[in-house]
Amino acid sequence: MKKSHKDETTLVTAGREPFAHFGAVNTPVFRASTILFPTHAALKARTQPFIYGRRATPTTRALEEALTELESGTRTVLVPSGLAACTLALLSFCKAGDHIVVSDGVYGPTRHFCDTILRRWGIETTYVAPCDTAAWRKAIRANTALFYLESPSSLTFEVQDLPLLAAEARPHGIKILIDNTWATPLLFKPLELGADIVIEAITKYIGGHSDLTMGSVTANKDAADALLDMHGHLGLTVGGDDAYLALRGLRTLATRLKRHAETGLTLARWLGARPEVTRVLHPALPDDPGHEIWRRDFRGTSGLFAFELKPCPPDALSRFLDGLQHFGMGYSWGGFESLIVPAQIARTAAYHAPQGPLLRISAGLEEAGDLIADLEAAFARFAAP
Ligand SMILES: *Cc1c(COP(=O)(O)O)cnc(C)c1O
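360 is the number that our numbering gives to position 362 of the sequence shown; each next residue is one higher, with no gaps.
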């Protein structure tokens, strides 16, 4: 179906039907387990739009429909965290005896799920370097069920060539799953470039306010039935209050992302010019190894990136981090407030490990000059106790 408007407009209009709710602009919070049927005939027919609260309410349906439209997908399901979205997607497309190929740059807990639960259930995982297309091709076996991508990689931000990997996978009937949390459906549309399944941690930019955990999985036409089936069997659902918060985040996503992107690039360029910094890992910088593919496939950048410090004693790193005024230290990212954390990297495929500490920054909505002054003071502490 050809869309008649741009994503920025979809963010504002999708999933809203004010005059179904007395003119209230936002779809209200529906809290429901039981949904009543007016007659025995209606109960038997099960054709009313809502059957049972676990399956959907008007609030969750509004969010699902908005995400499906933004992702150019066929169906979306909601789950209680981003990690649940990753694990649901994996469970939907492999079974005992299968083999799967996973990017070595994947989000750590996703890797842990493959190494523990999937292994216990007789599914074997091969990790390959995110950008080594030949290695992905060579990893294919007769029983390979899926490729699992994440672009850019968690912590190290390598950009993967999705169209090329999809072209390798398709002749073998291999499904392509991709975690799109960094870009959100606003900046990258994996389903338009050959993926079958796209995963989002709504917790991050879509929620955007550090007060919510949720995930979504969106399928194309061929993958929708298997996804809906597994989601239904596992009984996964999200509450109306959280779905409302996610919709509220979605309305301002374009405006926030633009600002996160600008501030992130300002910080990345400033850090790149510092003598204490060995390299900056940010695909929107022209000398980044993933820059060309990022430019070709993405519609913009978000505000999450990393930088590598020169090798230093641990107490110098502590001095750098302790005393920051505007950067919080903590997990997750994509909220309105700036964050910084040291990155713990676990790789098993070919990889050039950083020599010094790698720090990940989530650029928030503060004024960029204030953030730079904060980092400048951190470098002063770093140099002199
Ligand atoms: C944070 C994150 C997740 C998991 O999201 P949670 O809501 O914290 O479970 C999954 N994938 C990526 C890339 C993430 O950054």
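From the three backbone atoms N, C-alpha and C, an ideal C-beta is built for every residue, glycine too.
Could you give the first and the last residue of the continuous alpha helix (DSSP H) run that contains glutamate 6?
5 to 11
Ligand 1 and serine 208: does any heavy atom of the ligand fall closer than 7 Å to the residue's C-beta?
no
In or out: lysine 4 buried (at least 16 other Cβ within 10 Å) or exposed?
exposed
Would you tell me roughly how many angstroms separate the C-alpha atoms of leucine 160 and alanine 43, rounded to the nearest one?
43 Å
Note down, one range per segment and in chain order, each beta strand (DSSP E) of at least 3 residues found wholly within the segment 33 to 115.
73 to 77 and 97 to 101
Cutting at 7 Å between CB atoms, please list the residues of its own chain near phenylalanine 28, excluding the five before and the five after it.
Thr55, Pro56, Thr57 and Gly238
Looking only at its chain, what residues have a beta carbon closer than 7 Å to the beta carbon of glycine 120, apart from the 5 residues adjacent to it on each side?
Ala94 and Gly95
Minimum C-alpha distance to glycine 262 - residue among Ala64, Phe305 and Asp220
Phe305
For phenylalanine 28, does the three-state DSSP call read helix, strand or coil?
coil
Taking DSSP's pairing of strands, which residues face phenylalanine 305 in a bridge?
Val278 and Leu357
By the three-class DSSP mapping on this structure, what secondary structure does glycine 367 have?
helix
Nearest candidate by alpha-carbon position, reference alanine 259, set Phe296, Pro287, Asp102 and Ser90:
Phe296
Can you give me the Cβ contacts of alanine 83 inside the same chain, cut-off strictly under 7 Å, excluding the 5 residues immediately before and after it?
Val77, Ile197, Glu198, Ala199, Gly213, Ser214 and Val215
Report the rounded CA-to-CA distance for methionine -1 versus alanine 351, giving the unit in angstroms.
In this predicted model, methionine -1 has a pLDDT of only 44, less than 50, meaning its place in the structure is not dependable; the value taken from the coordinates is given anyway. Cα-Cα distance, rounded: 45 Å.
Would the beta-carbon of tyrosine 105 be found less than 7 Å away from any heavy atom of ligand 1?
yes
For aspartate 384, name the three-state secondary structure that DSSP assigns.
Outside the shown range of the chain (-1 to 383) lies residue 384, about which nothing can therefore be said.
Where does the unbroken alpha helix (DSSP H) through glycine 262 begin, and where does it stop?
251 to 270
For lysine 386, which of helix, strand or coil comes out of DSSP?
For residue 386 there is no data in the structure shown, the boundaries of the chain being -1 and 383.
For tyrosine 214: DSSP bridge partner residues:
The residue you asked about is not tyrosine; residue 214 is serine in the sequence shown. Bridge partners of serine 214: Leu76 and Glu198.
With a CB to CB cut of under 7 Å and the five nearest residues on each side skipped, what residues in its chain are close to leucine 61?
Gly13, Leu76, Ala241, Ala244 and Leu245
Counted within 10 angstroms of its Cβ, other Cβ atoms place phenylalanine 380 as buried (16 or more) or exposed:
buried
Is the beta carbon of arginine 52 less than 8 Å from the beta carbon of threonine 235?
yes
Could you check whether the Cβ of alanine 259 sits closer than 7 Å to any heavy atom belonging to ligand 1?
no
For a test of the three-state rule: what should DSSP assign to glutamate 122, helix, strand or coil?
strand
Closest by C-alpha distance to proline 150, when choosing among Lys173, Ser208 and His280
His280
Confirm, please, whether the CB-CB distance from isoleucine 172 to phenylalanine 145 is below 8 Å.
yes
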